[in-house]
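Colleague:
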Amino acid sequence: MKVTIIGQGYVGLTIASFAAESYPVIGFDSNEQIVRQLNQGISHIEGVESSQIKKMISQGRYRATSKGGDIADSDIVVIAVPTPLTDNRKPDLRFIEAACKTVGENIKRKVLVINESTSFPGTVRNYIKPTIEKFSTSPIEHDYAISPERVDPGRTDFNQKNTPRLFAGLTKEATERTRDFYSKFCDNLVEVSSPEVAEAAKLFENTFRQVNIALVNEFAQITHALGISVYETLDAANTKPYGFMKFTPSAGVGGHCIPVDPTYLAAIAEEHGAPATFIRIANEVNLEMSRYVVRRVAADHGGSIRGKSVLVVGVAYKPDVADVRETAAELVIKHLRDAGAVVSWHDDVVAEWKGEKSSPLGGADIALVVTKHSSVGAKKILASAPYVFDTTGKVPGAKGF
Ligand SMILES: NC(=O)c1ccc[n+]([C@@H]2O[C@H](COP(=O)([O-])OP(=O)(O)OC[C@H]3O[C@@H](n4cnc5c(N)ncnc54)[C@H](O)[C@@H]3O)[C@@H](O)[C@H]2O)c1
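Remember, my numbering sits 9 above the position in the sequence shown when you count from 1.
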């Protein structure tokens, strides 16, 4: 049983590292530099160690490639490519289309195609299957299934083995083959009645987070106006043993999932004439947080930070990862610069971003903490500037929500 995984990023490489324990795996990626690095045993993803890749390669269980011809004799193809938004914030399926083209043009016998990329309900049935068939040179009826990925980069308590995995095929055979594939490295497989249910569940999971984060972000503004601590209030509410789940405020949401996936749900809702009011409002509230934070800092400086030096501490979208996709730090920096501040940033995990290098901690008039990596001590941050505003709630003694 030969497995190809299209896309060797956070999702694809993580899956490859687990699948390679049971199957020979080809990691197909269109980025030749990533392919070169992977074949040298160098990982570019947190949670997948370079030593693991070297071991997989030396045991003949893994190889990366950019050549379509190398995947011709696969039995299973997993698609794990980006599903971003277009400039006008609509689902952008061009990476999925390119992956389908690779499958269609290169696979000449019946395979099982499993999509792990996050997309709206109907993607496997109404987009992936017809697109692969469009690019196929022979009329093959492949098997198709979805198993949405739930990986949380940087997390160690939940992984591919112990995170329950939803799945469903377009046919009974596809469903059974999908169960068989994942059962080698996942303990808890949850079959649902259709691919659309699995696709919708994945979007709802992330929309649930997006809406609750927006709610707590708005609540932080209310508690500040009331002169009470948001953290103490949340801890108090969290003593209720049922019906409450604690979320904490932030400078906004980042990453490839929470700011993006709900918009996929909103788009399909709109197409079907159903409302997506919460999603739209939650998006607005979360985006607005960066401006609110900058306003709060300015308010503590007599209403203006013009000419002040500001060091943004932590630009990754969350702690202990180097991922800056959709990071709230970007909007925070923009609003600070619009307000006339002289902005630099410190993040040794990210190290380099947009052609700028991480600045040392210290030396600025203001430190504004957007993300706190565990490698940076709270005391060190507090001592790094005469005024520190912390959006994470992890720097005791700093100003904050
Ligand atoms: N990162 C996460 O935490 C996470 C969690 C759950 C689900 N997802 C979903 O999984 C999917 C992949 O996300 P990711 O974080 O792994 O993205 P990523 O950007 O880390 O990796 C995607 C990889 O695909 C490659 N690629 C792009 N187009 C390709 C093509 N046509 N052929 C071959 N390779 C191609 C890129 O070079 C890149 O290496 C997305 O739909 C995302 O929403 C991500």
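For glycine and all other residues, C-beta sits at the position ideal for the given N, C-alpha and C.
All values derive from a computational prediction rather than experimental measurement.
Using the Cβ count rule (16 or more neighbours within 10 Å means buried), how would you classify Leu235?
Modeller: Exposed.
Colleague: Along the beta strand (DSSP E) that carries Glu200, what are the first and last residues, could you check?
Modeller: Glu200 -> beta strand (DSSP E) spans 198-200.
Colleague: Just to check, is the beta-carbon of Ser83 closer than 7 Å to a non-hydrogen atom of ligand 1?
Modeller: Flag unset: Cβ of Ser83 not near ligand 1.
Colleague: What does DSSP give as the partner residues of Ile88 in its beta bridges?
Modeller: In DSSP, Ile88 forms a bridge with Ile15, Asn124.
Colleague: Pair every Cβ in the region 242-257 with every Cβ in the region 213-227, then say whether three or more of these pairs are closer than 8 Å.
Modeller: In short, these stretches touch, since the Cβ pair count reaches three.
Colleague: At a threshold of 7 Å, does Asp244 count as lining ligand 1 (C-beta to nearest heavy atom)?
Modeller: No, ligand 1 has no heavy atom inside 7 Å of this Cβ.
Colleague: Given a threshold of 16 other Cβ atoms within 10 Å of its Cβ, counted over all protein chains shown, does Arg315 qualify as buried or as exposed?
Modeller: Result: exposed.
Colleague: Kindly identify the DSSP beta-bridge partner or partners of Val351.
Modeller: Beta-bridge pairing links Val351 to Ser318.
Colleague: Does DSSP put Leu179 in a helix, a strand or coil?
Modeller: DSSP places Leu179 in coil when its eight states are reduced to three.
Colleague: Do Thr272 and Leu94 have their C-beta atoms closer together than 8 Å?
Modeller: Yes, these two residues count as a Cβ contact at 8 Å.
Colleague: Could you say which of Pro395, Met65, Asp161, Asp189 lies nearest to Lys327 if we only look at CA atoms?
Modeller: Selected option, being the one with the closest Cα: Asp161.
Colleague: What distance in whole Å lies between the Cβ atoms of Arg174 and Tyr153, which are believed to be in contact at a cut-off of 8 Å?
Modeller: Contact flag wrong, Cβ pair sits at about 17 Å.
Colleague: Buried or exposed: Ser299, going by 16 or more other Cβ atoms within 10 Å of its Cβ?
Modeller: Result: buried.
Colleague: If contact is defined by three or more beta carbon pairs under 8 Å, each pair taking one atom from either stretch, is the region 346-355 in contact with the region 303-321?
Modeller: Yes, the region 303-321 is in contact with the region 346-355.
Colleague: Taking buried to mean at least 16 other C-beta atoms within 10 Å of its own C-beta, is Val322 buried or exposed?
Modeller: Classification of Val322: buried, given that the 10 Å Cβ count is 16 or more.
Colleague: Could you check where the alpha helix (DSSP H) with Arg412 kicks off and where it finishes?
Modeller: Here the chain covers residues 10 to 410 and nothing more, so residue 412 does not appear.
Colleague: Using three-state DSSP, classify Lys1 as helix, strand or coil.
Modeller: It is not possible to answer for residue 1, since the shown part of the chain is limited to 10 through 410.
Colleague: Quick one: residues in its chain with C-beta nearer than 8 Å to the C-beta of Ser128, no 5 flanking neighbours on either side, listed in chain order?
Modeller: For Ser128, where only same-chain residues beyond five positions count, the Cβ hits under 8 Å are Thr92, Pro100, Leu102, Ile105, Tyr136, Glu208, Tyr273.
Colleague: When you compare only the Cα positions, how much space is there between Ile149 and Glu182?
Modeller: Their Cα atoms are separated by approximately 15 Å.
Colleague: With DSSP as the reference, identify every bridge partner of Asp152, one or two as the case may be.
Modeller: Answer is Leu121.
Colleague: Please identify the residue among Asp332, Ser156, Ile288 whose C-alpha is closest to the C-alpha of Gly163.
Modeller: Comparing Cα positions, the closest option is Asp332.
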